[in-house]
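**Q** Take -7 as the starting number for the sequence shown in our numbering and just add one per residue. C-beta atoms are modelled at their ideal positions from N, C-alpha and C, and glycine is treated no differently. I have a structure I would like to understand better, so I am pasting it below and will then ask my questions one at a time.
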Amino acid sequence: LLGRALERILPLFAARAGNVRLYDRTSDALVLLVQRGIPADDPRAVAAVPVTGSRLGNVVRDNQPLVVERGLAQQAFFAGPSLFESLLGIPLRIGERVLGTMVLLDARPRAFDPQQIDLAQLVGNQLAIAIENASLLEERDRQIRELRALSAISQAANLALNLGMLLRQVHEALHGLMPLDAFVMSIYDPRRAVIVEGIGIDEGETYEYFRSNEPLPTESLTAWVIRNRKPLHLHNVAEEIGQFPELATLTAGSGRVPSSWLGVPLFGRDKEVSGTIVVQSYAPNAFSERDEQFLARVAQQAALHVANVALLAPREQQIRNLDAIGRIGQFVSATFDLDQMLREVYAELGELMGVSSFFLLVCDAQTGAVTHAFFMDGDERVVPNWPDNRPPAGSLSDWIMRRREPLLIEDLRAADAELARRGITPIVYGSDDQPRSWVGVPLLAQGDQAIGVLALQDSQPQRYDAETIDFLSQVARHLSLGVQKVNLFDERERQLRENAQLFAAEQDARRTADTLREVARVLSGTFHPDEVLNLILDQLRAVIPYDSASIMLLDGETLHPASQRGLGGPGQIRQ
């Protein structure tokens, strides 16, 4: 509309070229809206002219026309050759409010008479009204689109099941309102000072912008927003980042460095920062103050979702934990196979918590020697090589066995001093992907005797907390009962075997005694040698089962068979 109007205005004033600029109070500059007849390399073709320090700025400051009859090239705010010699600058005003400027240019020296100036002012006032009406319509349209976007985001905040779903809803709502090249949303845990989840969309592709359960880099722009609890708006990152010496531009997603960056915090019901929303553009000055205000309103809506997740997640996790404990209790009660019991516990915890490393030790309560062990590192089962079949002295497991209390290490890399204070030296085993998070609880029998250790570890820090200890302690109690049940069953089986052996020995002794008595009775009742020898062999069979037997008598230096059983004849007797 302004372009067509300018094309009609230039012939009316016999002007060679002209432009219309809008006054941007935020940047205190006259921003080019439309121009005709001005070469791209002419100083008059610049995108923005500062109001302060420029002659054209006087039109805005004084709300009066500006006439330059000749020598315009020497008066340009930006140096450079120009085709134009004369200029008429008119304020675009409504009442006393200046909206911008209209400039008419000529290539020859020229004086503009009062009638031309008055006519140009009337035209300029009409342009101001047109610009104002267009701004009002644009404002109305923007308000409608903002309200629709907020409504969609509010609905998404109530219905979205996870951050990814909400992210896409918010991104879609914002995409029609501001130039988004990249959009990032994160959930922050102020208690642990870590990012719980952070994903974004960069040029249409979804990326994981932050590693879960790790602190933000202190030099990141997002960390600044969280620390200072307020928005950060960089119109030109390369030029403005120097104002923040503690910050650096960190790339993520596509790897490109943004030119415009706008981030706002999310606040929970307790007024703590619960996350951030960040929009980025690869062009400078992409976002306005209006965009910043709207993004803050979007953050309020999105914070509701984060708060709902914060309220529902513990309850849902508690339900999942109780279900898992119930299943663990069932198969612990149903089996007497300790190895199978340990495998089932690992499978259940792996499905529930996604553990990357897991181990269970079952030890003798008296000696501390390991009787059963189940170590998993990733998908590989690991067999630890412990010389005396006990947890190494000073290890994490040894500490739990001796102290009979849980142990939580949020980040092993940062816990050297704390571990040294407790006299703990972690023992490395398994893969090269060493753990960062570690949690372990003891298995306690009656009298608080330590009979084992249940431990989880993960390559990411801050994965476990006090709630993890509570859950694992409940699992450990079930396991302890299962281990004691298996031990009692094994002890009962051992006693039954011993009793059976004692009974068999008693029966053997009784048969032997009966045999001896019978032999003594017969011997006392007969003097026939053959009968005595045959009786001995017959009674011996009742004590010592045999296929063949013989009694041989020494005659001089030769043994002669005197009685036999199971042999065909004297020739079969082995001398």
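#1: Identify the continuous alpha helix (DSSP H) that holds residue 12 and give its terminal residues.
#2: Which word fits residue 190, buried or exposed, when buried means at least 16 other C-beta atoms lie within 10 angstroms of its C-beta?
#3: What residue from 480, 88, 169, 360 has the CA that sits closest to residue 329's CA?
#4: Within the same chain, show all residues whose beta-carbon is closer than 8 Å to that of residue 312, passing over the 5 residues directly before and after it, in chain order.
#5: Residues in the same chain with beta-carbon distance under 7 Å from residue 321, minus the five sequence neighbours each way, listed in chain order, please.
#6: Please report how far the alpha carbon of residue 144 lies from the alpha carbon of residue 188, in whole angstroms.
#7: By how many angstroms is the C-alpha of residue 544 removed from the C-alpha of residue 567?
#8: Near residue 558, which residues of its chain fall below 6 Å by C-beta distance, leaving aside the five closest residues on each side in sequence?
#9: Do you know how far the Cα of residue 177 is from the Cα of residue 290?
#10: From residue 506 to residue 478, what does the alpha carbon distance come to, in whole angstroms?
#11: What separation, rounded to the nearest whole angstrom, lies between the Cα atoms of residue 466 and residue 200?
#12: Does residue 232 come out as helix, strand or coil in the three-state DSSP assignment?
#13: Give the straight-line distance between the Cα atoms of residue 502 and residue 510, rounded to the nearest whole angstrom.
#14: How would you label residue 83, buried or exposed, when you count the other beta carbons within 10 angstroms and need 16 or more for buried?
#15: Looking at the secondary structure, which residues open and close the alpha helix (DSSP H) in which residue 407 lies?
#16: Can you name the start and end residues of the beta strand (DSSP E) that residue 550 belongs to?
#17: Can you have a look at residue 443 and say buried or exposed, based on whether 16 or more other CB atoms are within 10 angstroms of its CB?
#18: Please report the straight-line C-alpha distance between residue 241 and residue 26, rounded to a whole angstrom.
#19: Measuring straight from C-alpha to C-alpha, what distance separates residue 12 and residue 288?
#20: When the Cα atoms are used, what is the spatial distance from residue 499 to residue 339?
#21: Figure out for me which residue from 231, 236, 23, 192 has the closest Cα to the Cα of residue 212.
#22: Name the residue from 350, 376, 383 whose alpha carbon lies nearest to the alpha carbon of residue 359.
#23: Please confirm whether residue 217 and residue 260 have their CB atoms less than 8 Å apart.
#24: Thinking residue 85 and residue 125 are a contact (beta carbons under 8 Å), I'd like their distance in whole angstroms, please.
#25: Of all the options 522, 351, 94, which has the alpha carbon lying nearest to the alpha carbon of residue 49?
#26: Between 250, 292, 266, 294, which lies nearest to residue 277 when the distance is taken from Cα to Cα?
#27: Going by Cα to Cα distance, which pick from 437, 396, 3, 39 is closest to residue 19?
#28: Taking the alpha helix (DSSP H) that residue 530 falls in, what are its first and last residues?
#29: To test your reading of the DSSP string, which unbroken beta strand (DSSP E) runs of 3 or more residues are found completely within the segment 75 to 156?
#30: My understanding is that residue 362 touches residue 353, with C-beta atoms under 8 Å, so please give their C-beta distance in whole angstroms.
#31: According to DSSP, is residue 373 helix, strand or coil?
#32: In whole angstroms, what separates the C-alpha of residue 186 from that of residue 205?
#33: Specify, as a first and last residue, the run of the alpha helix (DSSP H) that residue 338 falls within.
#34: Specify the secondary structure class of residue 172 as computed by DSSP and reduced to three states.
**A** Well, looking at it:
#1: By one-based count along the sequence shown, residue 12 stands at place 20. Per DSSP, residue 12 belongs to no alpha helix (DSSP H); it is in the beta strand (DSSP E), 9 to 16.
#2: Translated into the one-based positions of the sequence shown, residue 190 becomes position 198. Label assigned to residue 190: buried.
#3: Taking the sequence shown and counting its residues from 1, one reaches residue 329 at position 337. Looking at the Cα atoms, 480 is the closest of the given residues.
#4: For the purposes of this step, residue 312 is identified with residue 320 of the sequence shown, where counting begins at 1. Cβ neighbours of residue 312 beyond the five flanking positions: 344.
#5: As a first step, residue 321 must be located in the sequence shown, where it is residue number 329. Closer than 7 Å at the Cβ level, and outside the excluded window around residue 321, lie 470.
#6: Position 152 of the sequence shown, counted from the first residue, corresponds to residue 144. Position 196 of the sequence shown, counted from the first residue, corresponds to residue 188. Near 25 Å, if we compare the C-alpha coordinates of residue 188 and residue 144.
#7: As a first step, residue 567 is located in the sequence shown; it is residue number 575 there, counting from the start. As a first step, residue 544 is located in the sequence shown; it is residue number 552 there, counting from the start. In this prediction, residue 567 scores a pLDDT of 48, lower than 50, which makes its location untrustworthy; the coordinate-derived value is nonetheless stated afterwards. So the alpha carbons of these two residues sit roughly 10 Å apart.
#8: By 1-based counting over the sequence shown, the position of residue 558 is 566. Only 539, 540 meet the Cβ criterion.
#9: For the purposes of this step, residue 290 is taken as residue 298 along the sequence shown, with counting starting at 1. For the purposes of this step, residue 177 is taken as residue 185 along the sequence shown, with counting starting at 1. Going by the C-alpha atoms only, they are around 11 Å apart.
#10: Here residue 506 refers to the residue found at position 514 of the sequence shown. Here residue 478 refers to the residue found at position 486 of the sequence shown. Near 41 Å, if we compare the C-alpha coordinates of residue 478 and residue 506.
#11: In the sequence shown, residue 466 corresponds to position 474, counting from 1. In the sequence shown, residue 200 corresponds to position 208, counting from 1. Roughly 34 Å separates the two Cα atoms.
#12: Looking up residue 232 in the sequence shown gives position 240. Here residue 232 sits in helix by DSSP.
#13: Within the sequence shown, the letter at position 510 stands for residue 502. Within the sequence shown, the letter at position 518 stands for residue 510. Approximately 12 Å, taken between the alpha carbons.
#14: Taking the first residue of the sequence shown as 1, we reach residue 83 at position 91. Looking at its Cβ environment, which holds 16 or more other Cβ atoms inside 10 Å, residue 83 is buried.
#15: Position 415 of the sequence shown, counted from the first residue, corresponds to residue 407. From DSSP, residue 407 is part of no alpha helix (DSSP H); its letter is neither H nor E.
#16: Taking the sequence shown and counting its residues from 1, one reaches residue 550 at position 558. 550 to 557 is the span of the beta strand (DSSP E), which, as asked, contains residue 550.
#17: On the sequence shown, position 451 is the one that residue 443 refers to. Looking at its Cβ environment, which holds 16 or more other Cβ atoms inside 10 Å, residue 443 is buried.
#18: Taking the sequence shown and counting its residues from 1, one reaches residue 241 at position 249. Taking the sequence shown and counting its residues from 1, one reaches residue 26 at position 34. Going by the C-alpha atoms only, they are around 35 Å apart.
#19: Counted from its first residue, the sequence shown places residue 12 at position 20. Counted from its first residue, the sequence shown places residue 288 at position 296. Distance between the alpha carbons of residue 12 and residue 288: 33 Å.
#20: Residue mapping note: residue 499 aligns to position 507 of the sequence shown, counting from 1. Residue mapping note: residue 339 aligns to position 347 of the sequence shown, counting from 1. Their Cα atoms are separated by approximately 49 Å.
#21: Indexing the sequence shown from 1 puts residue 212 at position 220. Closest option to residue 212, Cα to Cα, is 236.
#22: In the sequence shown, counting from the first residue as 1, residue 359 sits at position 367. Minimum Cα distance to residue 359 is reached at 383.
#23: Taking the first residue of the sequence shown as 1, we reach residue 217 at position 225. Taking the first residue of the sequence shown as 1, we reach residue 260 at position 268. It is not a contact, given that the beta carbons lie outside the stated cut-off.
#24: Within the sequence shown, numbered from 1, the residue matching residue 85 stands at position 93. Within the sequence shown, numbered from 1, the residue matching residue 125 stands at position 133. The Cβ separation is near 15 Å, so there is no contact.
#25: For the purposes of this step, residue 49 is identified with residue 57 of the sequence shown, where counting begins at 1. Taking only the C-alpha atoms, the option nearest residue 49 is 94.
#26: Here residue 277 refers to the residue found at position 285 of the sequence shown. The option with the nearest alpha carbon to residue 277 is 250.
#27: In the sequence shown, the residue the question calls residue 19 occupies position 27. Checked all of 437, 396, 3, 39; the closest Cα to residue 19 is 39.
#28: On the sequence shown, position 538 is the one that residue 530 refers to. First-last of the alpha helix (DSSP H) with residue 530: 521 to 535.
#29: 78 to 86, 89 to 98
#30: Here the question's residue 362 lines up with position 370 in the sequence shown. Here the question's residue 353 lines up with position 361 in the sequence shown. Sure, about 6 Å apart at Cβ, within 8 Å.
#31: As a working note, residue 373 is residue 381 in the sequence shown. Reduced to three states, the DSSP call for residue 373 is strand.
#32: Residue 186 sits at position 194 when you count from the first residue of the sequence shown. Residue 205 sits at position 213 when you count from the first residue of the sequence shown. Near 5 Å, if we compare the C-alpha coordinates of residue 205 and residue 186.
#33: Here residue 338 refers to the residue found at position 346 when the sequence shown is read from its first residue. It spans 330 to 345 - the alpha helix (DSSP H) in which residue 338 sits, taken as one unbroken run.
#34: Sequence index remark: in the sequence shown, residue 172 carries index 180 (1-based). In this structure, residue 172 counts as coil in the three-state DSSP scheme.
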